[in-house]
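Participant: First residue of the sequence shown: 245, per our numbering; consecutive thereafter.
Don't be surprised by glycine CBs; every beta carbon is placed ideally from N, CA and C.
This structure is a prediction, so every number in the text was calculated from the model and none was measured.
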Amino acid sequence: MESRTITIMSLIDVIGALAEDSMKANVYLFDNNKSKGSVNEGTGRLKTKVKAGDTLFWTLMSLEPESFAEISNISIDPEICRLEKKKYPQSDVVFWEGEVLKEAASTPYKITFEIGYQKQKFETEENPELIG
Numbered sequence: 245m246e247s248r249t250i251t252i253m254s255l256i257d258v259i260g261a262l263a264e265d266s267m268k269a270n271v272y273l274f275d276n277n278k279s280k281g282s283v284n285e286g287t288g289r290l291k292t293k294v295k296a297g298d299t300l301f302w303t304l305m306s307l308e309p310e311s312f313a314e315i316s317n318i319s320i321d322p323e324i325c326r327l328e329k330k331k332y333p334q335s336d337v338v339f340w341e342g343e344v345l346k347e348a349a350s351t352p353y354k355i356t357f358e359i360g361y362q363k364q365k366f367e368t369e370e371n372p373e374l375i376g
């Protein structure tokens with residue numbers, strides 16, 4: 245089976261998260277792998293179907309384009325996925341690249357976001373997962 249490139253996009257309601265001091269119900273996760281088995285698209289509990297050798301890209305979009313939002317960290321088992329924080333060439337826009345090292349039945353992870361002008365840190369309250 246050939247390895248795939250899978251993009252996991254976080255859509256953030258920055259104003260809602262700041263007003264509620266919570267990411268719950270203010271983060272919506274999607275990937276481009278639904279046809280291969282990913283489930284829970286559009287929720288904070290996205291389960292992305294992966295296999296060893298797949299390359300993952302975590303990106304972010306804000307509902308309010310004038311609001312600052314960035315993925316500052318992803319916490320995942322390093323034996324399952326090797327991560328690297330990167331920036332698009334000639335920009336300050338951050339994305340994360342991961343390589344799936346081995347399959348696991350379920351590997352939950354956390355995403356930490358910096359949002360708003362004061363760059364407040366918020367972590368996902370619902371656990372997205374990589375599933376084998």
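Which residues does DSSP pair with residue 364 in a beta bridge?
Facilitator: The partner list for residue 364 (beta bridge, DSSP) reads 359.
Participant: In the DSSP output, which residue or residues are listed as bridge partners for residue 317?
Facilitator: Beta-bridge pairing links residue 317 to 356.
Participant: Could you tell me the boundaries of the beta strand (DSSP E) in which residue 250 lies?
Facilitator: Looking at the DSSP string, the run of the beta strand (DSSP E) that includes residue 250 is 249 to 256.
Participant: Do you know offhand how far residue 347's Cα is from residue 316's?
Facilitator: About 25 Å.
Participant: Per DSSP, residue 297 forms a beta bridge with which residues?
Facilitator: According to DSSP, residue 297 bridges with nothing at all.
Participant: Residues in the same chain with beta-carbon distance under 6 Å from residue 294, minus the five sequence neighbours each way, listed in chain order, please.
Facilitator: Hits under 6 Å: 344, 374.
Participant: So residue 342 is in the beta strand (DSSP E); what residue range does that whole segment cover?
Facilitator: Counting along the chain, the beta strand (DSSP E) containing residue 342 begins and ends at 338 to 344.
Participant: Going by Cα to Cα distance, which pick from 324, 308, 268, 314 is closest to residue 300?
Facilitator: When only C-alpha atoms are compared, the closest one is 324.
Participant: Work out the CA separation of residue 258 and residue 328 for me, nearest whole Å.
Facilitator: So the two alpha carbons sit approximately 24 Å from each other.
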